[in-house]
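Asks:
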Amino acid sequence: MALAPEEPELVQLLTPEGELVEHPDYRVDFSDEELRGLYRDLALVRRIDAEATALQRQGELGIWASLLGQEAAQIGSGRAMGPNDHVFPTYREHGVAWCRGVDPLNLLGLFRGVDMGGWDPEEHHFHLYTIVIGAQTLHAVGYAMGLQRDGMVGDGGPELTGAAVAYFGDGATSQGDVNEAFIWASVFQAPVVFFCQNNQWAISEPLERQTRIPLYQRASGFGFPGVRVDGNDVLATYAVTQAALARAREGSGPTFIEAYTYRMGAHTTSDDPTRYRIAAEVEAWKLKDPIERLRSFLIRTGKADQDWFEALEEESNQLAKHIRAGCLDMPDPSPMTMFDHVYVDPHKPLANQREQFAAYLASFESTSEEHS
Amino acid sequence: MALAPEEPELVQLLTPEGELVEHPDYRVDFSDEELRGLYRDLALVRRIDAEATALQRQGELGIWASLLGQEAAQIGSGRAMGPNDHVFPTYREHGVAWCRGVDPLNLLGLFRGVDMGGWDPEEHHFHLYTIVIGAQTLHAVGYAMGLQRDGMVGDGGPELTGAAVAYFGDGATSQGDVNEAFIWASVFQAPVVFFCQNNQWAISEPLERQTRIPLYQRASGFGFPGVRVDGNDVLATYAVTQAALARAREGSGPTFIEAYTYRMGAHTTSDDPTRYRIAAEVEAWKLKDPIERLRSFLIRTGKADQDWFEALEEESNQLAKHIRAGCLDMPDPSPMTMFDHVYVDPHKPLANQREQFAAYLASFESTSEEHS
Amino acid sequence: MSGQTTTLAKAITMGLRAAMERDSKVVLMGEDIGKLGGVFRVTDGLQKDFGEDRVIDTPLSESGILGTAIGMALRGYRPVCEIQFDGFVFPAFDQIVCQLAKMHARSKGHSRLPIVVRIPFGGGIGAVEHHSESPEAYFAHTAGLRVVACSNPVDAYWMIQQAVASDDPVIFFEPKRRYWEKAELDTSAGPPAEALDQARVVREGADITVAAYGPMVKVCMDAASAAAEDGTSIEVLDLRSLSPLDMDTVVASVRRTHRLVVVHEAPVTLGMGAEIAAQVTESCFHHLEAPVLRVGGFDTPYPPSRIEEEYLPDLDRVLDAVDRSLAY
Amino acid sequence: MSGQTTTLAKAITMGLRAAMERDSKVVLMGEDIGKLGGVFRVTDGLQKDFGEDRVIDTPLSESGILGTAIGMALRGYRPVCEIQFDGFVFPAFDQIVCQLAKMHARSKGHSRLPIVVRIPFGGGIGAVEHHSESPEAYFAHTAGLRVVACSNPVDAYWMIQQAVASDDPVIFFEPKRRYWEKAELDTSAGPPAEALDQARVVREGADITVAAYGPMVKVCMDAASAAAEDGTSIEVLDLRSLSPLDMDTVVASVRRTHRLVVVHEAPVTLGMGAEIAAQVTESCFHHLEAPVLRVGGFDTPYPPSRIEEEYLPDLDRVLDAVDRSLAY
Ligand SMILES: Cc1ncc(C[n+]2csc(CCOP(=O)(O)OP(=O)(O)O)c2C)c(N)n1
Ligand SMILES: Cc1ncc(C[n+]2csc(CCOP(=O)(O)OP(=O)(O)O)c2C)c(N)n1
Ligand SMILES: [Mg+2]
Ligand SMILES: [Mg+2]
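Chains A, B, C and D are the protein sequences, given in the same order. Reminder that position 218 of the first sequence reads as 793 in our numbering, one-by-one numbering, no gaps. Reminder that position 256 of the second sequence reads as 831 in our numbering, one-by-one numbering, no gaps. Reminder that position 61 of the third sequence reads as 202 in our numbering, one-by-one numbering, no gaps. Reminder that position 185 of the fourth sequence reads as 326 in our numbering, one-by-one numbering, no gaps.
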């Protein structure tokens with residue numbers, strides 16, 4: 576089944592046991608504070624996820640797609656980005672959103688059913704979630720082609736150059752769009768990083784339904800490098816993403832990163848994974864938990880003490896409160912908003928529909944306030 | 576531009592000069608008669624193509640897609656097939672059609688505008704031409720999955736087993752469908768051969784618009800072998816296709832064959848290649864003509880004599896006459912046929928439309944015979 | 142097996158099972174349909190009983206599903222494809238419109254594509270974007286396809302089998318928010334009187350006809366009950382087949398009632414109601430006391446689920462249209 | 142530059158050139174549009190003058206064209222995509238329906254996609270399959286898109302510029318069999334009185350209205366001339382915009398003439414005529430002397446070109462419908 580992450584091809588800098596290891600091509604150079612920062616990120620996004628899962632159970636969200644187990648893949652890659660790098664996520668990149676400064680509350684709107692994405696994609700350089708599998712990979716390539724045309728590719732460093740980062744899952748690699756994105760990126764040497772979180776499952780389908788060979792090798796057929804990184808290792812993921820971003824920004828074209836990780840939870844809260852996978856597999860992956868290994872490392876090396884962890888716990892509780900309270904406070908949109916932003920320019924028939932519907936709703940107002 | 580076919584990766588058994596060369600992995604073992612047979616095929620399909628091109632110029636066909644220059648790729652692969660192998664062509668596989676026993680006249684219907692394909696796909700194990708780029712590659716994979724389910728994969732040899740063969744061009748490799756076909760074939764180990772005629776151009780776009788690296792390497796990213804063969808070498812093409820078919824039929828899965836060749840003429844008779852490619856390129860490829868090299872070989876080795884070539888010329892003339900006369904004789908379909916075969920089962924609204932239209936046409940009959 | 146209370150989802154499972162038992166060439170293809178039994182459990186248990194060769198968990202590519210299904214059909218199989226949700230049929234649109242719909246005609250009848258494409262459709266389940274679409278008009282505008290929608294467990298059981306038996310490609314719409322609704326299903330009773338391409342009068346009425354399909358049939362039946370209390374007699378039609386449309390049944394009803402309202406979830410503009418209105422007006426020009434009125438989704442993207450109730454036609458909006466028609 | 146005789150194809154070239162000169166963010170994308178200048182030469186010379194960064198010969202993948210165009214638009218560009226032929230738009234359908242049409246609303250107005258998708262459409266050029274389709278209704282049924290069709294060189298020149306200037310996505314249909322038709326084009330005269338989303342009365346008449354768009358406008362104008370000789374006064378409308386439909390203009394005309402025939406090449410079922418018939422019947426119920434009649438393609442795949450003349454509405458079929466309407 577799942578390939579052993581100990582295999583040589585896997586880039587790893589921090590073992591499941593929390594030991595640093597050397598890699599010939601990749602290294603990181605973090606201060607203690609930065610390392611604690613990464614831990615904080617991991618812990619807080621897991622907390623966000625737990626809180627959202629709870630909110631769903633309590634009927635406050637219609638559905639939730641948990642990132643449990645994929646925190647390091649998302650924080651490692653998200654923190655490697657510069658200000659001009661632009662993310663095109665799936666529906667599961669809550670950790671990346673966190674890194675891009677999106678208030679987690681804004682993520683909930685989609686899952687609560689009050690909007691389709693509550694943040695400004697430009698402000699955060701973080702595009703809206705894309706639900707149609709794979710579609711966003713082409714958007715990323717097009718955005719990257721725009722960066723090229725804007726002179727944002729070259730040796731100006733992360734402040735003056737930029738790249739697009741397309742997130743997608745192992746299942747998505749079977750979509751035509753994703754493969755077309757590879758072709759376009761390669762042909763135009765677009766500054767794009769393809770960040771695939773191979774969490775081993777596409778709902779109930781194991782990786783073998785999408786590929787016979789390790790996913791990172793897919794890139795070689797399109798003429799650009801593919802690398803498999805331990806997606807549960809935040810340091811390795813950071814290093815690999817940083818290198819790929821640098822390569823993209825300087826004009827050397829795309830890289831495919833396979834972050835080898837595991838979906839610890841259900842596909843979404845609507846899913847029941849006991850129907851299709853065995854508990855032993857999940858247990859085995861628990862031993863590779865992305866947060867635990869960094870915790871061990873920080874404790875063992877004395878880079879963080881008990882006080883610090885406690886303070887973080889308190890911050891985490893505050894964040895959870897913010898999310899919970901914010902979610903419960905989130906108003907339902909007015910029904911009339913469904914007519915908003917369908918078009919930029921005036922559109923007479925739709926304006927008429929809107930007017931008629933407003934009049935229709937108003938006709939109930941005398942007897943009821945339910946549509947007010 | 577075009578990579579030199581002398582490069583080591585290219586499988587070649589007969590040089591442009593008509594010399595046999597050895598290859599570590601591929602060989603053919605043809606009798607003199609079989610060799611002459613291949614030459615006959617090459618010459619006759621070129622003649623069919625020339626005649627069709629002439630018919631188009633004379634207004635008898637609306638358009639024609641010439642195979643000029645690609646004869647060896649098509650005859651080599653077409654003759655390698657067994658009775659159960661099923662072909663899914665593009666619109667340019669006139670040579671393969673010939674090998675599958677389709678009367679060339681039946682090919683003309685599509686281009687004359689009297690039908691969409693005039694042969695029975697099952698009878699000839701040769702599917703209709705597909706115009707939407709790449710769509711047929713998935714059909715081939717599905718057909719191959721059918722063969723698997725029919726128990727037609729294993730070690731029964733070509734009489735008891737079968738494979739599907741998908742033809743497509745270099746341009747087609749950029750379509751999502753084609754890449755999905757690779758994935759499906761690989762995941763299900765479907766008995767399919769992907770036969771890509773890289774004729775260096777997709778209408779006006781050179782190969783570099785579709786890929787940065789040699790096309791045959793695409794397959795490696797999907798987990799199955801890719802091989803580049805000299806598509807102007809009928810012997811090498813035969814050998815490589817035969818091996819891939821054997822592999823597919825015995826259950827070892829797909830192979831990608833890149834037949835490295837050249838589109839000597841225009842994309843179709845509607846195209847003007849002088850707008851986008853230089854004469855020198857065409858001249859260079861003339862030296863690698865697929866027919867000339869076999870002719871040199873046959874003559875030099877005494878495997879065919881002047882009489883034989885003259886008899887073939889006569890046969891070729893007869894074939895041309897058959898095509899020309901048959902084309903001119905080809906009746907326009909009755910307008911009412913457009914209602915035929917839209918559905919298998921009765922369909923009342925369409926039957927009504929048909930009836931009304933018949934009545935409408937009949938209303939002119941008193942004054943004119945034009946719709947009779 | 143005779144009468145038992147069955148959900149619509151389960152009725153389709155039973156119909157598929159019967160079709161698979163009857164003909165070994167019937168194969169199921171789709172994402173998560175095997176071990177998981179589909180996200181709606183419609184194929185639950187079928188892989189276990191018929192094996193992985195006949196119930197195929199496919200790669201995550203809808204064009205791949207349709208394209209390979211076509212190839213399998215050319216080899217003599219009868220694939221039943223599941224599209225996981227309505228909004229995910231579009232990657233397969235090219236294969237459906239250019240290949241599935243046209244290959245029989247293209248081949249002058251040589252090739253047949255007896256393929257069923259099952260699509261859970263419509264809204265009302267509180268889902269996120271792309272999970273509540275009603276794309277039926279795209280298919281009904283496409284010559285060469287048959288398009289049907291079931292509205293209740295009994296029809297679901299029989300119609301899926303008739304669709305599988307059809308030698309033409311059938312786009313089979315399943316009203317996802319009715320999956321869990323139950324009815325008595327007596328499989329030994331035999332199929333309904335109507336053929337797969339026929340509509341049914343599900344409630345007789347004298348004052349006005351309301352035509353619907355799929356999930357809206359129930360809404361219209363409820364509206365008819367409510368209207369009856371106010372003394373208005375609504376005839377309700379379940380169209381069942383959207384292509385071909387059974388206009389004989391529609392026209393016969395309108396000739397009796399002189400008024401027609403068409404109801405669907407899909408956006409009004411160029412929805413099924415447009416076609417029905419155009420045809421009925423032509424066939425019944427002198428019989429109509431009011432123009433055909435349409436109740437449908439607005440011409441907007443499907444909204445966030447918290448306001449989908451307002452987007453979707455409901456009993457009030459149907460009755461509002463009925464009143465407007467009667468007021469002419 | 143003032144009055145010159147210009148083909149419709151050339152008028153679009155000129156319009157694209159003007160748009161590109163005006164705004165450096167306008168980029169063209171498509172297959173064979175660069176060196177070749179497009180298979181219809183509509184982009185002829187533009188790559189030479191604006192460079193490969195602004196006139197992009199793309200890989201052979203329509204979903205790729207639309208998907209990357211969306212990405213470029215998100216980066217501030219205004220891509221104009223060419224789909225080589227109508228029948229090849231379907232691989233891009235998912236990107237158009239699920240992304241292009243919906244992203245502005247999805248983002249609550251944050252993201253704009255000022256993208257034009259140019260599609261040469263319709264039959265009559267003796268082409269093989271997939272080169273003569275009229276897929277406009279699929280797009281007009283899709284909320285979030287604007288859909289327009291030009292019918293003559295002057296409109297073509299202005300409408301393409303207006304489409305590029307629009308901040309909404311526009312599906313821009315070009316009547317391919319009219320590419321070579323000529324008219325006087327005085328670019329200094331300024332755009333027509335009608336906005337991009339407005340219809341135009343192209344011939345006034347009293348007895349009946351005939352509405353068409355794209356290639357069928359000429360057919361209807363010819364029909365009107367022929368009918369005039371027989372004493373029937375046909376008012377001809379060029380709809381120009383298919384989404385939104387300019388129903389004000391249509392309804393005003395029908396209120397005068399009391400009769401309407403809608404003409405298009407697309408199959409009748411769920412074609413634009415269905416929507417217009419439904420709306421006109423509702424708006425003009427008491428004004429109509431006859432039901433709205435539709436003349437369109439049959440509900441079959443587009444036929445082999447040797448019989449396309451019979452498939453396509455022509456002067457006779459338009460007049461036949463006019464006669465049938467007048468006979469009510
Ligand atoms: C085009 C399309 N088809 C089907 C779906 C339904 N669907 C949602 S998520 C999913 C599995 C995705 O798997 P993967 O790409 O591995 O991402 P993961 O959920 O594991 O993060 C499927 C099939 C969809 N959203 N879009
Ligand atoms: C989906 C689709 N897009 C565009 C076209 C128009 N078209 C026809 S042939 C062609 C180029 C094909 O190139 P290639 O695959 O290399 O095959 P070749 O013609 O060289 O044999 C194009 C773009 C098409 N037929 N289908
Ligand atoms: Mg996954
Ligand atoms: Mg080519």
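Beta carbons: idealized from backbone N, C-alpha and C, even for Gly.
1. Relative to the C-alpha of V196 of chain D, which candidate in D:L241, D:F181, D:F226, D:M161 has its C-alpha closest?
2. At a CB-CB cut-off below 8 Å, which residues of chain D make contact with Y279 of chain C?
3. Nearest to L680 of chain A by CA position, among A:P865, A:P906, A:P781, is which residue?
4. Taking the beta strand (DSSP E) that Y279 of chain D falls in, what are its first and last residues?
5. I'd like to confirm the pairing. Which residues does DSSP put opposite T146 of chain C in its beta bridges?
6. Flag D745 of chain A as yes when its Cβ comes closer than 6 Å to any non-hydrogen atom of ligand 3, and as no otherwise.
7. DSSP state of N773 of chain A, grouped into three classes?
8. Hey, would you say the C-beta of W776 of chain A is under 6 Å away from at least one heavy atom of ligand 3?
9. Taking 7 Å as the threshold (C-beta atoms), are L588 of chain B and A811 of chain B in contact?
10. DSSP state of V409 of chain C, grouped into three classes?
11. Can you list, in chain order, the residues of its chain whose CB lies under 7 Å from that of E780 of chain B, leaving out five sequence neighbours each side?
12. Give a yes or no on whether the minimum CB-CB distance between P200 of chain C and chain B is below 7 Å.
13. For a test of the three-state rule: what should DSSP assign to C291 of chain C, helix, strand or coil?
14. Only counting the same chain, and skipping five residues up and downstream in sequence, which positions put a Cβ closer than 8 Å to that of E584 of chain B?
15. Nearest CA to the CA of L685 of chain A: which residue from A:A627, A:R654, A:Q645?
16. Answer yes or no: the CB of R667 of chain B versus the heavy atoms of ligand 6, is any distance below 6 Å?
17. Taking DSSP's pairing of strands, which residues face A719 of chain A in a bridge?
18. Does the separation of the CB atoms of R381 of chain D and I349 of chain D fall below 7 Å?
19. Find the nearest neighbour of A468 of chain D within the set D:A431, D:R435, D:L453, D:E451, judged by alpha-carbon distance.
20. Take A304 of chain D and list the residues in its own chain whose beta-carbon comes closer than 6 Å to its own, dropping the five residues that flank it on each side.
21. Closer than 8 Å by C-beta to E945 of chain B: which residues in its own chain qualify, once you throw out the five before and the five after it? Chain order, please.
22. Does I177 of chain C come within less than 7 Å of chain A when only Cβ atoms are used?
23. Chain G partners of A710 of chain B, CB-CB under 9 Å?
24. Using beta carbons (cut-off 7 Å, strictly below), is P696 of chain B in contact with chain C?
25. With a threshold of 16 other CB atoms inside 10 Å of the CB of P599 of chain B, please say whether the residue is buried or exposed.
26. Going by beta carbon distance, what residues of the same chain come within less than 7 Å of A268 of chain D, once the five residues before and after it are set aside?
27. Using Cβ-Cβ distances below 8 Å, what residues of the segment 887-914 of chain B are close to chain D?
28. From which residue to which residue does the beta strand (DSSP E) around I375 of chain D run?
29. Any contact between the segment 720-738 of chain A and the segment 644-655 of chain A? By contact I mean 3 or more CB pairs, one from each, below 8 Å.
30. Is the Cβ-Cβ distance between G721 of chain A and R341 of chain D less than 7 Å?
31. Between V358 of chain C and G801 of chain A, what straight-line distance do the alpha-carbon atoms span, to the nearest angstrom?
32. Hey, is the segment 686-701 of chain B in contact with the segment 437-445 of chain D, meaning 3+ C-beta pairs nearer than 8 Å?
33. Just how far apart, CA to CA, sit L383 of chain D and A150 of chain D?
34. What does DSSP give as the partner residues of D198 of chain D in its beta bridges?
35. Any idea what DSSP makes of C425 of chain D, helix, strand or coil?
36. Who are the Cβ neighbours of D235 of chain D in its own chain at under 8 Å, not counting the five residues just before and after it?
Replies: Let's see:
1. By one-based count along the fourth sequence, residue 196 of chain D stands at place 55. Residue D:M161 is the option with its Cα nearest to V196 of chain D.
2. Walking along the third sequence from the start, residue 279 of chain C turns up at place 138. Within chain D, the residues near Y279 of chain C are Y279, H282.
3. By one-based count along the first sequence, residue 680 of chain A stands at place 105. For the residues A:P865, A:P906, A:P781, the minimum Cα distance to L680 of chain A belongs to A:P906.
4. As a position in the fourth sequence, residue 279 of chain D is number 138, starting the count at 1. Unbroken run through Y279 of chain D is the alpha helix (DSSP H), 277-281; no beta strand (DSSP E).
5. Taking the first residue of the third sequence as position 1, residue 146 of chain C is located at position 5. T146 of chain C is bridged to C:E325.
6. Reading the first sequence from its first residue, position 170 is the one you call residue 745 of chain A. For ligand 3, at least one heavy atom lies less than 6 Å from the Cβ of D745 of chain A.
7. For this step, residue 773 of chain A is matched to residue 198 along the first sequence. Note: N773 of chain A maps to strand in three-state DSSP.
8. Numbered from its first residue, the first sequence carries residue 776 of chain A at position 201. Indeed, a heavy atom of ligand 3 lies less than 6 Å from the Cβ.
9. Locating residue 811 of chain B in the second sequence gives position 236, where the first residue counts as 1. Locating residue 588 of chain B in the second sequence gives position 13, where the first residue counts as 1. Their beta carbons are under 7 Å apart, which means A811 of chain B touches L588 of chain B by this criterion.
10. As a working mapping, residue 409 of chain C is identified with position 268 in the third sequence. Correct three-state label for V409 of chain C: coil.
11. Taking the second sequence and counting its residues from 1, one reaches residue 780 of chain B at position 205. Counting only Cβ-Cβ distances below 7 Å, and skipping sequence neighbours, we find G746.
12. Taking the first residue of the third sequence as 1, we reach residue 200 of chain C at position 59. P200 of chain C counts as touching chain B.
13. For the purposes of this step, residue 291 of chain C is taken as the residue at position 150 of the third sequence. DSSP places C291 of chain C in coil when its eight states are reduced to three.
14. Counted from its first residue, the second sequence places residue 584 of chain B at position 9. Taken in chain order, the residues that qualify are P789, Y791, R803.
15. In the first sequence, counting from the first residue as 1, residue 685 of chain A sits at position 110. For the residues A:A627, A:R654, A:Q645, the minimum Cα distance to L685 of chain A belongs to A:A627.
16. Within the structure as shown, ligand 6 is missing, the only ligands being ligand 1, ligand 2, ligand 3 and ligand 4.
17. For this step, residue 719 of chain A is matched to residue 144 along the first sequence. None, per the DSSP bridge assignment.
18. Your numbering for residue 381 of chain D matches position 240 in the fourth sequence. Your numbering for residue 349 of chain D matches position 208 in the fourth sequence. Not in contact: R381 of chain D and I349 of chain D (Cβ atoms no closer than 7 Å).
19. The count along the fourth sequence starts at 1 and reaches residue 468 of chain D at position 327. Closest by alpha carbon: D:A431.
20. What you label residue 304 of chain D is simply residue 163 of the fourth sequence in a count that begins at 1. Hits under 6 Å: V257, V311, F313.
21. One-based indexing of the second sequence puts residue 945 of chain B at position 370. Unreliable positioning characterises E945 of chain B in this predicted model, as indicated by a pLDDT of 47, which lies under 50. The coordinate reading is nonetheless provided below. So the qualifying residues of the chain are F939.
22. For the purposes of this step, residue 177 of chain C is identified with residue 36 of the third sequence, where counting begins at 1. Note on identity: in this sequence residue 177 of chain C is Leu, with Ile being the wrong assignment. Yes, L177 of chain C lies at the interface with chain A (some Cβ there is under 7 Å from its Cβ).
23. Checking the listed chains, one finds no chain G in this structure; the protein chains it contains are A, B, C and D.
24. For the purposes of this step, residue 696 of chain B is taken as the residue at position 121 of the second sequence. Yes, because at least one Cβ of chain C sits closer than 7 Å to the Cβ of P696 of chain B.
25. As a first step, residue 599 of chain B is located in the second sequence; it is residue number 24 there, counting from the start. Flag for P599 of chain B reads exposed.
26. By 1-based counting over the fourth sequence, the position of residue 268 of chain D is 127. Within the same chain, A268 of chain D has close Cβ partners S446.
27. D907, P908, S909, P910, T912, M913, F914
28. If you number the fourth sequence from 1, residue 375 of chain D lands on position 234. Here the beta strand (DSSP E) through I375 of chain D covers 375-379.
29. no
30. In the first sequence, residue 721 of chain A corresponds to position 146, counting from 1. In the fourth sequence, residue 341 of chain D corresponds to position 200, counting from 1. Not a contact, by the Cβ cut-off of 7 Å.
31. Looking up residue 358 of chain C in the third sequence gives position 217. Looking up residue 801 of chain A in the first sequence gives position 226. Taking the straight line from one Cα to the other gives about 52 Å.
32. yes
33. The sequence position of residue 383 of chain D within the fourth sequence is 242, counting from 1. The sequence position of residue 150 of chain D within the fourth sequence is 9, counting from 1. L383 of chain D and A150 of chain D: Cα-Cα distance of roughly 21 Å.
34. Translated into the one-based positions of the fourth sequence, residue 198 of chain D becomes position 57. DSSP, once it has assigned bridges, lists D:G171 as partnering D198 of chain D.
35. Start at 1 with the first residue of the fourth sequence, and residue 425 of chain D comes out as number 284. In the structure shown, C425 of chain D sits in coil (DSSP, three-state: anything other than H, G, I, E or B).
36. For the purposes of this step, residue 235 of chain D is taken as residue 94 along the fourth sequence, with counting starting at 1. So the qualifying residues of the chain are S204.
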